[in-house]
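Counting along the sequence shown from 1, when you hit position 770 you're at 770 in our numbering, and nothing is skipped either side.
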Amino acid sequence: MASASGFPASFYSEPGVLGFLANGISAFLVLLQNFHGARTGIPAFGVENILAGVHLILIGGVCQMIAGLLSFRKYDHLSGTSFIGYAALWGSYGATRIFLGANQHNINSTMNNSTLGDLYLNASVNETYIKESAIAGLVPYILLSLLLAFCSATVNYIMPFVFGSITLTLVFEAVGLVAGWALVVSGVLELLILLFAIYGSAALLIKGVAQRYVLKGFGNPLFNVLLLGTTNASSSKSLGQEKKKNTKYAEPMALGFFCDTVSPFIFAFYAFGYFPSITVSAIWISINSAAQLLSSYYAYLRQDCYHATKFGLHCTFWLVKTWEEYVISVLTTRSEAATARQAMVGNWFFLAAALVICVASLNMDMLELVHNGVFFLLTISTISQIPLDGYYIFYGVACSIFTAVSLYGTFARLINTIAEKSLIPVGPQPISTDRLQNGLGCLRKSQKEQHQGMGTQLPDALFYLANGVAALSAIQNSQPQKSFLDLTVPWVLIPGAIIQGYVSRLQVQGGQRFGSVIPSFYLAFWATWTWFRLTGNQLQFSTANGFAAGAIAFLVINAFLILVAAYGNLVLLALTIIMEVIVVCLLLSTLDRLPYQLEVAMLSIFAIICLYGTLASLVNGIFSKTIIPVGPALIKNNYKKKKAAATAPCPTPSSRGTSGLLQIAKLLENNGVCGIPTDTVYALAASCKNPSAIEKIYNIKDRPAEKPICVCISSLEQLAATKPPFSPLLWEFMSNVYPGGISCIVPKGDWLLKLGVGAAYDHVGTKDSIMIRVPDHTVTAHLCDITGPLAITSANPSGEPDSTHHDMIINRLGHKIQGVLCDGHSNELVGSTVISCLKIDEGTINILREGCVPAAKVQQIFERVKNSML
Numbered sequence: 001m002a003s004a005s006g007f008p009a010s011f012y013s014e015p016g017v018l019g020f021l022a023n024g025i026s027a028f029l030v031l032l033q034n035f036h037g038a039r040t041g042i043p044a045f046g047v048e049n050i051l052a053g054v055h056l057i058l059i060g061g062v063c064q065m066i067a068g069l070l071s072f073r074k075y076d077h078l079s080g081t082s083f084i085g086y087a088a089l090w091g092s093y094g095a096t097r098i099f100l101g102a103n104q105h106n107i108n109s110t111m112n113n114s115t116l117g118d119l120y121l122n123a124s125v126n127e128t129y130i131k132e133s134a135i136a137g138l139v140p141y142i143l144l145s146l147l148l149a150f151c152s153a154t155v156n157y158i159m160p161f162v163f164g165s166i167t168l169t170l171v172f173e174a175v176g177l178v179a180g181w182a183l184v185v186s187g188v189l190e191l192l193i194l195l196f197a198i199y200g201s202a203a204l205l206i207k208g209v210a211q212r213y214v215l216k217g218f219g220n221p222l223f224n225v226l227l228l229g230t231t232n233a234s235s236s237k238s239l240g241q242e243k244k245k246n247t248k249y250a251e252p253m254a255l256g257f258f259c260d261t262v263s264p265f266i267f268a269f270y271a272f273g274y275f276p277s278i279t280v281s282a283i284w285i286s287i288n289s290a291a292q293l294l295s296s297y298y299a300y301l302r303q304d305c306y307h308a309t310k311f312g313l314h315c316t317f318w319l320v321k322t323w324e325e326y327v328i329s330v331l332t333t334r335s336e337a338a339t340a341r342q343a344m345v346g347n348w349f350f351l352a353a354a355l356v357i358c359v360a361s362l363n364m365d366m367l368e369l370v371h372n373g374v375f376f377l378l379t380i381s382t383i384s385q386i387p388l389d390g391y392y393i394f395y396g397v398a399c400s401i402f403t404a405v406s407l408y409g410t411f412a413r414l415i416n417t418i419a420e421k422s423l424i425p426v427g428p429q430p431i432s433t434d435r436l437q438n439g440l441g442c443l444r445k446s447q448k449e450q451h452q453g454m455g456t457q458l459p460d461a462l463f464y465l466a467n468g469v470a471a472l473s474a475i476q477n478s479q480p481q482k483s484f485l486d487l488t489v490p491w492v493l494i495p496g497a498i499i500q501g502y503v504s505r506l507q508v509q510g511g512q513r514f515g516s517v518i519p520s521f522y523l524a525f526w527a528t529w530t531w532f533r534l535t536g537n538q539l540q541f542s543t544a545n546g547f548a549a550g551a552i553a554f555l556v557i558n559a560f561l562i563l564v565a566a567y568g569n570l571v572l573l574a575l576t577i578i579m580e581v582i583v584v585c586l587l588l589s590t591l592d593r594l595p596y597q598l599e600v601a602m603l604s605i606f607a608i609i610c611l612y613g614t615l616a617s618l619v620n621g622i623f624s625k626t627i628i629p630v631g632p633a634l635i636k637n638n639y640k641k642k643k644a645a646a647t648a649p650c651p652t653p654s655s656r657g658t659s660g661l662l663q664i665a666k667l668l669e670n671n672g673v674c675g676i677p678t679d680t681v682y683a684l685a686a687s688c689k690n691p692s693a694i695e696k697i698y699n700i701k702d703r704p705a706e707k708p709i710c711v712c713i714s715s716l717e718q719l720a721a722t723k724p725p726f727s728p729l730l731w732e733f734m735s736n737v738y739p740g741g742i743s744c745i746v747p748k749g750d751w752l753l754k755l756g757v758g759a760a761y762d763h764v765g766t767k768d769s770i771m772i773r774v775p776d777h778t779v780t781a782h783l784c785d786i787t788g789p790l791a792i793t794s795a796n797p798s799g800e801p802d803s804t805h806h807d808m809i810i811n812r813l814g815h816k817i818q819g820v821l822c823d824g825h826s827n828e829l830v831g832s833t834v835i836s837c838l839k840i841d842e843g844t845i846n847i848l849r850e851g852c853v854p855a856a857k858v859q860q861i862f863e864r865v866k867n868s869m870l
């Protein structure tokens, strides 16, 4: 690892460089095609469209998506939302060009004897619905791009020009699909995108190297965001809800609303008959849904159970409905679709899940409740038993209303997160948190609240939700029609396999030893069930012995999962037991001996259990306590705990005894890295006497080299003894916040040597600054008294959730570190609030990361201290 003295002063690099360049190059690719068509009089055709589409997906889609993910890690709400949103746009537009080029190529291969004019005439006839589908996709992005341009004007004055140029370009690209002259105007605007993007990239690149703004554009906004309104005095969130926000990552709510604007808008066009086939639009919605799944993922990383589940549900809904409509528009006739839909019941689970989300949002704000209420209306409008004549009108109206609410939600969430105040009205809290807890708590037998680790709770609601949709959709009679089987494939395969694969990944990342086993098995089961019962019937192959052998293997594996679930809770245990019967039904089906009434009953019970599991997991995850019971473990794991302690990959002494402290202190003295508790979340610690141990932390966490490590001390008196040249204002501020969940960045100096940092001077902090932690935690203070100053950072692999229990460190990092000081559940769910005090003598502090201490409270303390010093 490079010497820490080479660390830049910033915590992260500048992902905006990649995002701007991806936009500029993508615009340049389209510009070349537009100008070539204008010069020759012949539009892009065949292979040329395919190549352009591939480049748009790779550059505008994949590269920009990476920029968006990095922006979210940099706590940049606006850039993260913008880059991922534009990644979906360029990816969709590129896929459309590939589809268009492939369609033209097929026409060309079948019309070898036609004249060139006839070729273009026939191609244009076949491309009409493709272009109309593309227009339906471009229009919502025009609205959202205009919104992004306006929001970015409150941050700097480079992004508004880039995003504004993209907005105008999309307008003329949409017009150009029906009128060729507009493509020339679009080409000029795309040249502006390229120029603005190059300048913006250069400005950020130089800033990243020089650590200051050299080129103008990013230092000042066009106008102050506070001019948009006044702060809403009645906060819609309680302090308990605020403390659950892991501001280590940017808020992904705006991205989720962004995606909820695009998909229903396209569906509204389709429902009102603007284009006859959803083939191209299915690509747009699928890519947009992938972006929405990223918003769910980043909500999970922020330990936000509610938004992780909500956006996961919406993503599943749009994917299922899109590919259902694709089957209807391509593979079945209208009469077949009407008959097949009458027998489908899967959408009833979406309706029930939407109602659960509404209940879970009652203590948030009116915007959330209205948004969830309209989604509930949307699920009602898609009930399969509605007559087909009124179905699409009802559906189109519901999609239009949902689009409008989502567009407002995107604007409100963006502006309010940029300003860190409620400037755009989102409404009051419908029901207080205490009242909602008491109301939902009526299902509890015991009023004793039990703390539950968020890392093991977050994905459970999505796990139950995905299985519930798949199970209810799998219900069929003994002689299903082919059209019904066609429609059922996306209903079972998408939630049961695709979304469940996402859930399985979250369970692995959460640090659970057996967490991913059950969803991974259910993924394989639903994929096999779809292939055999649905696709297999369409291919008309006989019941092969291989499927019977596979069903027997599933029976054996699920029996093991029943045993695993017995260590979990009663809901999970009941689910695995019912699944065993469903697997038996699959086995009987391979032998043509299936009693369909039994399968229908088991699938229905399975779906009901999943609905209850969704509600319980979501509510318990939101409040971090057992509000709705899931039942105790049938098999106690006391023996397992003792055995685990004996076979742990590293020493795991308890923090309750002095011997445990001394054991960890000795490991730290001997160049070791250990997990220790703090007043917030668990941390990895190394002694400042051992620079090589600090270097180990970077390798253990895969931590980027430019992110410095802070120094932890036992008390402010320990710092005062070194007599650092701090101003009276800084001393007074630190005395008001320490000890506590705050990290102060202060100027670096030789006083660190007196503190005991010694040889680690160049390995902590940056070249000119150091971050100091004085935890309000007796165990940590005693440990620092024994070892001297410790270099600490959060105890998690870089990019993953913080560790809130010592078991999470043992499971994820135990094989890499030398010991863990076990202290049970952490006091907080997020890390400390990071404050830069480098300009405190100028009367300002800069909150770099909001953690367990709200930013508003820190600002209040600072203003009070500053006023007292006047």
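All C-beta atoms in this analysis are idealised placements derived from N, C-alpha and C, irrespective of residue type, glycine included.
Per DSSP, the continuous alpha helix (DSSP H) segment holding residue 433 begins and ends at 433 to 440. The stretch 699 to 716 makes contact with the stretch 767 to 775: 3 or more CB pairs, one atom from each, lie closer than 8 Å. Close CB contacts of residue 132 within its chain, under the 7 Å cut and outside five residues either way in sequence, are with 274 and 275 (chain order). In this structure residue 530 is buried. Its beta-carbon is surrounded by 16 or more other beta-carbon atoms within 10 angstroms.
As a beta-bridge residue in DSSP terms, residue 791 pairs with 686 and 711. No Cβ-Cβ contact shorter than 8 Å links residue 846 with residue 832. DSSP places residue 743 inside the beta strand (DSSP E), whose first and last residues are 742 to 747.
Collapsing the DSSP output to three states places residue 475 in coil. When the beta-carbon positions are compared, residue 758 and residue 689 come within less than 8 Å of each other. Counting along the chain, residue 180 sits inside no alpha helix (DSSP H), nor does DSSP assign it H or E at all. Secondary structure at residue 782: helix, using DSSP grouped into helix, strand and coil. When DSSP states are grouped into helix, strand and coil, residue 273 belongs to the coil group. For residue 588, the enclosing alpha helix (DSSP H) stretches over residues 570 to 590.
By the neighbour-count criterion, in which 16 or more other beta carbons inside 10 Å mark a residue as buried, residue 549 falls on the exposed side. Residue 183 sits buried, since 16 or more C-beta atoms from the chains shown fall within 10 Å of its C-beta. Going by DSSP, residue 809 is part of the alpha helix (DSSP H) stretching over 806 to 813. For residue 676, the enclosing beta strand (DSSP E) begins and ends at 673 to 676. Scanning its chain for C-beta atoms nearer than 6 Å, with the 5 sequence neighbours on each side dropped, one finds around residue 565 the residues 572, 573 and 576, in chain order. Where residue 727 is concerned, there is no enclosing alpha helix (DSSP H), because DSSP gives it neither an H nor an E. Counting along the chain, the unbroken alpha helix (DSSP H) around residue 620 starts and ends at 596 to 623. Close CB contacts of residue 198 within its chain, under the 7 Å cut and outside five residues either way in sequence, are with 24 (chain order). Non-local beta-carbon contacts of residue 357 in its own chain, meaning distances under 6 Å to residues more than five positions away in sequence, involve 310 and 372 in chain order. Residue range 388 to 419 is occupied by the alpha helix (DSSP H) that includes residue 417.
Close CB contacts of residue 142 within its chain, under the 8 Å cut and outside five residues either way in sequence, are with 167, 170, 171 and 174 (chain order).
Residue pairing for residue 847: DSSP places it in a beta bridge opposite 835.
One thing to note: residue 64 has its Cβ no nearer than 8 Å to the Cβ of residue 16. Ranked by Cα distance from residue 380, the options 402, 719, 360 and 653 are led by 402. DSSP places residue 771 inside the beta strand (DSSP E), whose first and last residues are 769 to 773.
Excluding sequence positions up to five before and after residue 67, its CB lies within less than 6 Å of the CB of 15, 18, 19 and 83, all in the same chain and listed in chain order. Among the bridge pairs identified by DSSP, residue 654 is matched with 822. Under the criterion of beta carbons closer than 8 Å, residue 376 and residue 354 qualify as touching, at roughly 4 Å. The stretch 592 to 608 makes no contact with the stretch 414 to 424, as fewer than three CB pairs between them are under 8 Å. Annotation for residue 374: 401, 402 and 405 place their beta carbon closer than 6 Å to its own, counting only its chain and skipping 5 residues before and after.
Around the C-beta of residue 181, fewer than 16 other C-beta atoms lie within 10 Å, and the residue is accordingly described as exposed.
In this structure residue 656 is exposed. Its beta-carbon is surrounded by fewer than 16 other beta-carbon atoms within 10 angstroms.
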